[in-house]
Amino acid sequence: MKIITFSASKGGVGKTTLTYNWGTWLARQGHKVLLIDADYQANLSSTFNLLTKKRTLFDAIMLGNAEIRKIDENLSILPASPDLDQIETLLQPEMYREYKMLQWMRNNRHELETFDFIIIDTHPDFGTLTKNMIAVSDYVVVPLEPSEYGFQQSKNQFEQRMQVFREDATDPRTGISDITAKVLFVGNKVEPQTNSSKSFEEVMRELPNAVALINKREPFKLSTLFKTPIVDMAASDLRSYKGFVDQYEPEFQAMLDAVMLDEA
């Protein structure tokens, strides 16, 4: 089982859209996938028409009691709750507040071990809830996009926060950190015809932990608008977007290959 958290320093980089589409793509490849919505905005949950306050991720963390909803044979979800925005305040007085998700997963390991992948969407911050998700993860996937403010700033900011988190979670006796997740970067919303994207691609290809470059195409926007993942869209509908399937599928496969490297 691989646990992968999608995280970002800022909103608008396409994190939830990637989580939704890559997760469903994995499920269509025959993998058992659990999606976890750890964003109080609950956009991932709403894509599956699951806006609820009953036995959600909030309950998993605060009460140890949650319900995984089955979407289809290979895809399930643990939905978010709007109450997740209270987690930061509610957990502030508690010791080990960044490990509540770890405790829930340990207590429910028999059910969770039936999944090949657990894929987590987070709010674009580095608060207590996001730290809980990173603490249980094997990988953290960070989407970056060409930006007038500089994607390097977003990249460096995230790496600095991860480094501080690792250091804070280091056992002083052994010098070993409890935070072992590897950070991977994915270039997203790339527009190959623009100079900014060309420069962005050149830099991304030089990063050893940059694993995919995904172009900005209309089907990604339509997938969340109409609540239909791109892998389920009719071939006839996608045919009008020249080269779309040939572009995204190898990049999704590259993301899969990257998180499976230690299995080789």
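Residues in the sequence shown are numbered consecutively from 10, following our numbering.
C-beta atoms are modelled at their ideal positions from N, C-alpha and C, and glycine is treated no differently.
Inset, instruction - Give the straight-line distance between the Cα atoms of Ile127 and Ser205, rounded to the nearest whole angstrom. - result: As a position in the sequence shown, residue 127 is number 118, starting the count at 1. As a position in the sequence shown, residue 205 is number 196, starting the count at 1. Cα to Cα, the separation comes out at about 34 angstroms.
Inset, instruction - Given a cut-off of 8 angstroms, decide if Leu53 and Ala69 are closer than it, judged by their beta-carbon atoms. - result: What you label residue 69 is simply residue 60 of the sequence shown in a count that begins at 1. What you label residue 53 is simply residue 44 of the sequence shown in a count that begins at 1. Cβ distance not < 8 angstroms, so Ala69 and Leu53 don't count as in contact.
Legend entry - Residues near Thr160 by beta carbon distance below 7 angstroms, same chain, minus five either side: Counted from its first residue, the sequence shown places residue 160 at position 151. Just to set this straight, residue 160 is Phe in the shown sequence, not Thr. Closer than 7 angstroms at Cβ, skipping near neighbours: Leu153, Glu154 and Phe209.
Inset, instruction - Check each candidate in Leu121, Thr131, Asp180 and Lys140 and name the one with the smallest Cα separation from Gly23. - result: Counted from its first residue, the sequence shown places residue 23 at position 14. Checking every option, the nearest Cα to that of Gly23 belongs to Thr131.
Inset, instruction - From the DSSP output, in three-state form, read off Lys19 for me. - result: For this step, residue 19 is matched to residue 10 along the sequence shown. Looking at Lys19 - three-state DSSP - the assignment turns out to be coil, as it is neither helix nor strand.
Inset, instruction - Can you tell me which of the three DSSP states Tyr49 falls into? - result: Translated into positions along the sequence shown, residue 49 becomes position 40. Reduced to three states, the DSSP call for Tyr49 is coil.
Inset, instruction - Return the residue from the list Glu200, Leu121, Ala17 and Met171 that minimises the CA-CA distance to Ala190. - result: In the sequence shown, counting from the first residue as 1, residue 190 sits at position 181. Ranking Glu200, Leu121, Ala17 and Met171 by Cα distance to Ala190 puts Met171 first.
Inset, instruction - Please confirm if the segment 106–114 is in contact with the segment 140–147, defined as three or more CB-CB distances below 8 angstroms between the two stretches. - result: yes
Legend entry - Extent of the continuous beta strand (DSSP E) run through Leu87: Position 78 of the sequence shown, counting from 1, holds the residue named residue 87. Start and end: Leu84 to Leu87.
Inset, instruction - Starting from the Cα of Pro259, find the closest Cα among Arg214, Ile223, Pro238 and Asp271 and give me that residue. - result: Here residue 259 corresponds to residue number 250 of the sequence shown, with the count starting at 1. When only C-alpha atoms are compared, the closest one is Ile223.
Legend entry - Burial state of Arg115 (16 or more Cβ within 10 Å): Indexing the sequence shown from 1 puts residue 115 at position 106. So Arg115 counts as exposed.
Legend entry - 8 angstroms contact criterion, which Val195 and Ala221 should meet: CB distance rounded: The residue labelled residue 195 in the question sits at position 186 within the sequence shown. The residue labelled residue 221 in the question sits at position 212 within the sequence shown. Sure, about 5 angstroms apart at Cβ, within 8 angstroms.
Inset, instruction - Alpha carbon to alpha carbon, how far is Ser156 from Asp180? Give it in angstroms, no decimals. - result: Position 171 of the sequence shown, counted from the start, is the residue given in the question as residue 180. Position 147 of the sequence shown, counted from the start, is the residue given in the question as residue 156. Distance between the alpha carbons of Asp180 and Ser156 is about 38 angstroms.
Inset, instruction - Ignoring anything shorter than 4 residues or poking outside the segment 109–163, list the alpha helix (DSSP H) runs there in chain order. - result: 109–116, 118–121 and 137–144
Legend entry - Given Lys19 as reference, the closest of Gly252, Arg118 and Thr139 once Cα atoms are compared: Indexing the sequence shown from 1 puts residue 19 at position 10. Closest option to Lys19, Cα to Cα, is Thr139.
Legend entry - Continuous beta strand (DSSP E) stretch holding Ala263: start and end: Mapped onto the sequence shown, residue 263 falls at position 254. Here Ala263 belongs to no beta strand (DSSP E); instead the alpha helix (DSSP H) covers Phe253 to Val268.
Legend entry - Separation of Ser186 from Lys251, as counted between CA atoms: Taking the sequence shown and counting its residues from 1, the one referred to as residue 251 is at position 242. Taking the sequence shown and counting its residues from 1, the one referred to as residue 186 is at position 177. Distance between the alpha carbons of Lys251 and Ser186 is about 47 angstroms.
Inset, instruction - Taking the CB atoms as reference points, tell me whether Leu66 and Thr33 lie closer together than 8 angstroms. - result: As a first step, residue 66 is located in the sequence shown; it is residue number 57 there, counting from the start. As a first step, residue 33 is located in the sequence shown; it is residue number 24 there, counting from the start. Not in contact: Leu66 and Thr33 (Cβ atoms no closer than 8 angstroms).
Legend entry - Buried versus exposed call for Ser245 [16 or more other C-beta atoms within 10 Å across all chains shown]: Locating residue 245 in the sequence shown gives position 236, counting from the first residue. Exposed, because fewer than 16 other Cβ atoms sit within 10 Å of the Cβ of Ser245.
Legend entry - Host beta strand (DSSP E) of Leu60 (start-end): Here residue 60 refers to the residue found at position 51 when the sequence shown is read from its first residue. Unbroken run through Leu60: none, as it is neither H nor E.
Inset, instruction - Report yes if the CB atom of Phe253 is closer than 8 angstroms to the CB atom of Arg226, and no otherwise. - result: Residue 253 sits at position 244 when you count from the first residue of the sequence shown. Residue 226 sits at position 217 when you count from the first residue of the sequence shown. Contact: yes.
Inset, instruction - Have a look at the DSSP bridge pairing and note the partners of Gly196. - result: As a first step, residue 196 is located in the sequence shown; it is residue number 187 there, counting from the start. DSSP, once it has assigned bridges, lists Leu153 and Leu222 as partnering Gly196.
Inset, instruction - Under the assumption that Phe229 contacts Thr56 (Cβ atoms under 8 angstroms), give the Cβ distance between them as a whole number of angstroms. - result: Counting from one through the sequence shown, the residue named residue 229 turns up at place 220. Counting from one through the sequence shown, the residue named residue 56 turns up at place 47. 13 angstroms between Cβ atoms; not a contact.
Inset, instruction - Give a yes or no on whether the C-beta atoms belonging to Ile45 and Tyr148 are separated by under 8 angstroms. - result: Stepping through the sequence shown from its first residue, residue 45 is reached at position 36. Stepping through the sequence shown from its first residue, residue 148 is reached at position 139. Not closer than 8 angstroms, so no.
Inset, instruction - Give the single residue among Pro238, Leu265 and Asp271 whose Cα lies nearest to the Cα of Asn30. - result: On the sequence shown, position 21 is the one that residue 30 refers to. Comparing Cα positions, the closest option is Pro238.
Inset, instruction - Given a cut-off of 8 angstroms, decide if Lys62 and Ile16 are closer than it, judged by their beta-carbon atoms. - result: Residue 16 sits at position 7 when you count from the first residue of the sequence shown. Residue 62 sits at position 53 when you count from the first residue of the sequence shown. Position check: residue 16 holds Ser in this sequence, whereas Ile was assumed. Their beta carbons are not under 8 angstroms apart, which means Ser16 does not touch Lys62 by this criterion.
Inset, instruction - Give every residue of the same chain whose Cβ lies closer than 6 angstroms to the Cβ of Glu97, excluding the five residues on either side of it in the sequence, and list them in chain order. - result: What you label residue 97 is simply residue 88 of the sequence shown in a count that begins at 1. Here the set comprises Gly136 and Thr137.
Inset, instruction - In the DSSP assignment, find the unbroken alpha helix (DSSP H) run with Phe209 in it and report its ends. - result: Start at 1 with the first residue of the sequence shown, and residue 209 comes out as number 200. Here the alpha helix (DSSP H) through Phe209 covers Asn204 to Glu215.
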